[in-house]
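Shown next, in structure tokens, is the structure this report addresses.
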Amino acid sequence: MKFSLFVHMERWDESVSHRQLFEDLSELTLMAEAGGFSTVWIGEHHAMEYTISPSPMPLLAYLAGKTTTIHLGAGTIIAPFWHPLRVAGECALLDVISNGRMEVGLARGAYQVEFDRMAGGMPASSGGQALREMVPVVRALWQGDYAHDGEIWKFPTSTSVPKPIRKPHPPMWIAARDPDSHNFAVANGCNVMVTPLMKGDEEVLDLKNKFQAALDNNPDVPRPQLMVLRHTHVHAVDDPEGWKVGAQAISKFYRTFDAWFGNKQVPVNGFLAPSPEEKFAERPEFQLENIRKNTMIGTPQQIIERIKYYQELGVDEFSFWCDNSLSHAEKKKSLELFIQQVVPAFR
1 MKFSLFVHME RWDESVSHRQ LFEDLSELTL MAEAGGFSTV WIGEHHAMEY TISPSPMPLL
61 AYLAGKTTTI HLGAGTIIAP FWHPLRVAGE CALLDVISNG RMEVGLARGA YQVEFDRMAG
121 GMPASSGGQA LREMVPVVRA LWQGDYAHDG EIWKFPTSTS VPKPIRKPHP PMWIAARDPD
181 SHNFAVANGC NVMVTPLMKG DEEVLDLKNK FQAALDNNPD VPRPQLMVLR HTHVHAVDDP
241 EGWKVGAQAI SKFYRTFDAW FGNKQVPVNG FLAPSPEEKF AERPEFQLEN IRKNTMIGTP
301 QQIIERIKYY QELGVDEFSF WCDNSLSHAE KKKSLELFIQ QVVPAFR
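Per full-length UniProt numbering, the very first residue in the sequence shown carries number 1; after that it's consecutive.
Have a look at this one:
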């Protein structure tokens, strides 16, 4: 079982500066590397303070110079917002800067609020077309001269400059949920990243089964890697109420997610207030006890037992997702417990 860190700068009000958030993210990454994590993943989001990353590339390039072993994962690049030549060239440059430690995750995008601002209002649901066209094009550009005449992009003979260090190419990941996404990823030799969001381990099993079905549909393709991304909060055994800290924070995170995803309000300087708790009174997944059960919250031993179940299912990588509205101090405390008391059980 490999472990990775999925992290963004997240800002909930103006009391913490962007510079401080940058330093906090850097500190968490260095902790993860020292703790033997394989990869740090940073995604892409636009014009929203609660997940700050207009591009993962500058952050990852900086971290490449501060680290020596951890891989730098662009997880994810939103395909409809990019040109394939930029994806190929910037990812290859990061691979050169990091001496072969770059990994790239591609996604179709989710928030309509971002598509309204970044893609002229195209439906977010149509982003999969760009993703499917992007993957083989980027790979071809990494190999050498290539001209493209597709439905979305057309360009004459070009190539990626520079070329990546990793051969035959750096690992590519697809964020997958539905069967078609799993099948596309496996058929194209891409690793698969999945997240159950607020759902429980039954959702992890369902996503794994979709991955397995894709493997069965493509028997001649070498088995790619499967990563599960989970909101994670570890609390000490002698703090039996510590789970509530994580559950309340993750509730706030998803109520904010709901506000952005609903796309019914105009953000104010990049902020949207979380949707009110009353809105979710009849939604059992928002009850704190269910958040505790469904996300990765618990003592080190409880976390170990659940990750061992994932390992038995065939999950290759568990990603510690620390976006959750908690303070940096709380995130550090949780990550330290995970490194000191969870990771050793898998070594």
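Note that the Cβ used here is the ideal one computed from N, Cα and C, for glycine as well.
Only residues of its own chain outside the window of five on either side were considered, and among them 7, 331 have a CB closer than 6 Å to the CB of residue 322, listed in chain order. Taking C-beta separations shorter than 7 Å and ignoring five residues to either side along the sequence, the partners of residue 113 in its chain run 260, 263, following chain order. Around the C-beta of residue 266, fewer than 16 other C-beta atoms lie within 10 Å, and the residue is accordingly described as exposed. It is roughly 38 Å from the alpha-carbon of residue 345 to the alpha-carbon of residue 13. Nearest neighbour of residue 72 by Cα position, chosen from 97, 103, 86, turns out to be 103. Collapsing the DSSP output to three states places residue 111 in coil. Residue 213 sits close to residue 179, with the two beta carbons spaced by under 8 Å. Annotated three-state conformation of residue 151 is coil, per DSSP.
Runs of beta strand (DSSP E) with 3 or more residues, each lying fully within the stretch 119 to 187, are found at 146 to 149, 154 to 158, 172 to 175, listed in chain order. Only residues of its own chain outside the window of five on either side were considered, and among them 208 have a CB closer than 6 Å to the CB of residue 313, listed in chain order. The beta strand (DSSP E) runs lying completely inside the stretch 47 to 98 and spanning 3 residues or more are 71 to 78, given in chain order. Per DSSP, residue 298 is one residue of the beta strand (DSSP E) stretching across 296 to 298. Separation of the CB atoms of residue 26 and residue 66 is rounded to 7 Å, and the pair is thereby assigned contact status at 8 Å.
Cβ-Cβ distances below 8 Å link residue 38 to 2, 3, 4, 70, 71, 317 in the same chain, with the five nearest sequence neighbours on each side left out; the list follows chain order. The three-state secondary structure of residue 8, taken from DSSP, is coil. Nearest C-alpha to residue 172 among 279, 79, 68: 79.
When DSSP states are grouped into helix, strand and coil, residue 319 belongs to the strand group.
Shown here, residue 263 sits in coil according to DSSP, grouped into three states, outside any helix or strand.
Unbroken alpha helix (DSSP H) runs of no fewer than 4 residues, entirely contained in the stretch 188 to 248, are found at 201 to 217, following chain order. The three-state secondary structure of residue 37, taken from DSSP, is coil. By the Cβ criterion, the stretch 285 to 292 is not in contact with the stretch 325 to 339, since fewer than three pairs of Cβ atoms, one from each stretch, lie closer than 8 Å.
Fewer than three pairs of CB atoms, one per stretch, sit closer than 8 Å, so the stretch 246 to 255 makes no contact with the stretch 154 to 163. C-alpha of residue 277 to C-alpha of residue 311: approximately 35 Å in a straight line. Annotation for residue 330: the continuous alpha helix (DSSP H) segment containing it runs 328 to 337. Within the same chain, 233, 297 come within 6 Å of residue 246 by CB-CB distance, once the 5 residues on both sides are set aside.
By the C-beta criterion, the stretch 180 to 198 is judged to be in contact with the stretch 127 to 137, since at least 3 inter-stretch pairs fall below 8 Å. Here residue 343 carries a helix assignment [DSSP, helix/strand/coil]. Under the three-state reduction of DSSP, residue 272 is assigned to coil, being neither helix nor strand. Distances from the alpha-carbon of residue 339 to those of 19, 36, 145 put 36 closest. By a beta-carbon distance limit of 8 Å, residue 56 contacts residue 44. Their separation comes to about 6 Å. Nearest to residue 97 by alpha-carbon distance, out of 124, 166, 250, 86, is 166.
Apart from the 5 residues on each side of it in sequence, residue 53 sits with its Cβ closer than 8 Å to the Cβ of 8, 9, 42, 43, 44, 45, 59 in its chain, given in chain order. For residue 102, the three-state secondary structure derived from DSSP is strand. Annotation: residue 336 to residue 146 spans about 46 Å, alpha carbon to alpha carbon. Taking a contact as a CB-CB distance under 8 Å, the pair residue 334 and residue 249 does not count as one, their CB atoms being some 10 Å apart. Within 10 angstroms of the beta-carbon of residue 220 lie fewer than 16 other beta-carbons, which makes it exposed.
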